[in-house]
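See structure below.
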Amino acid sequence: MDQNLLRIIVLGGGILMGISLMGCATEGLLPTGSDSSSEQASPKHAPSFTQFSDIPVPPAATMDMDRSLLLGASEEWTGRLVYSSSNSTAQIFDLYKAEMPKFGWQEMTVIRGQRTVMTFQRGARVATIEVSPRTLQGTEVFVTVSPNAAAIMRNAK
Numbered sequence: 002m003d004q005n006l007l008r009i010i011v012l013g014g015g016i017l018m019g020i021s022l023m024g025c026a027t028e029g030l031l032p033t034g035s036d037s038s039s040e041q042a043s044p045k046h047a048p049s050f051t052q053f054s055d056i057p058v059p060p061a062a063t064m065d066m067d068r069s070l071l072l073g074a075s076e077e078w079t080g081r082l083v084y085s086s087s088n089s090t091a092q093i094f095d096l097y098k099a100e101m102p103k104f105g106w107q108e109m110t111v112i113r114g115q116r117t118v119m120t121f122q123r124g125a126r127v128a129t130i131e132v133s134p135r136t137l138q139g140t141e142v143f144v145t146v147s148p149n150a151a152a153i154m155r156n157a158k
């Protein structure tokens, strides 16, 4: 038998064996801490934006629970909300520029660029909104709300 033909047969057999073994490896494909029976018994519910009554969130936004860190609720929450949206960065910018004042927030600074950063103040709280384009389509938005130490100190005097 020709050596080149033998190499092709051995290589082809190795590739087929590798493909068939990959089909058997399903352990790492399920989310951590879940099994297929519990997933079918109780479907996951998408996180809700209803707890944020003091900031606008575009329709059909998808919250990233792995990167969000939220403490409190209603108009007293603090932390970081991360979500993605199919809207463009310009549309998200326009949303926050127009809607934040309607929620009682006063614009402090705006930096526009590849990553847009907007800062607003409302009472003793500061909101920083970072908007950047996603790789394929839409935007990724980070909303960070925290106490404003200077405003808290002024109110304490």
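So the sequence shown is numbered by the working numbering: it starts at 2 and just counts up by one.
Just so you know, even glycine gets a beta-carbon here, dropped at the ideal spot from N, CA and C.
I'd like the list of long-range same chain contacts for residue i, defined as Cβ closer than 7 angstroms, with 5 residues on each side in sequence excluded.
i: residue 156; result: 125
i: residue 54; result: 75 and 76
Have a look at the DSSP bridge pairing and note the partners of residue i.
i: residue 70; result: 81
i: residue 112; result: 118
On the criterion of 16 or more Cβ atoms from any shown chain inside 10 Å, does residue i qualify as buried, or is it exposed?
i: residue 117; result: buried
i: residue 75; result: exposed
i: residue 119; result: buried
i: residue 123; result: buried
i: residue 112; result: exposed
Between residue i and the rest of its own chain, which residues show a CB-CB distance below 8 angstroms, the 5 nearest in sequence each way excluded?
i: residue 139; result: 85, 86, 87, 88 and 89
i: residue 96; result: 57, 59 and 88
i: residue 108; result: 98, 101, 102, 119, 120 and 121
Helix, strand or coil: which one does DSSP assign to residue i?
i: residue 123; result: strand
i: residue 104; result: helix
i: residue 56; result: coil
i: residue 136; result: coil
i: residue 128; result: strand
Just to confirm my understanding: we take residue i, look at its own chain, exclude 5 residues before and 5 after, and list those with CB closer than 6 angstroms. What are they?
i: residue 145; result: 81 and 129
i: residue 83; result: 65, 68, 69 and 143
Between residue i and the ligand SAM, is the CB less than 8 angstroms from at least one heavy atom?
i: residue 150; result: Because no ligand of any kind appears in the structure shown, any question about the ligand SAM cannot be addressed here.
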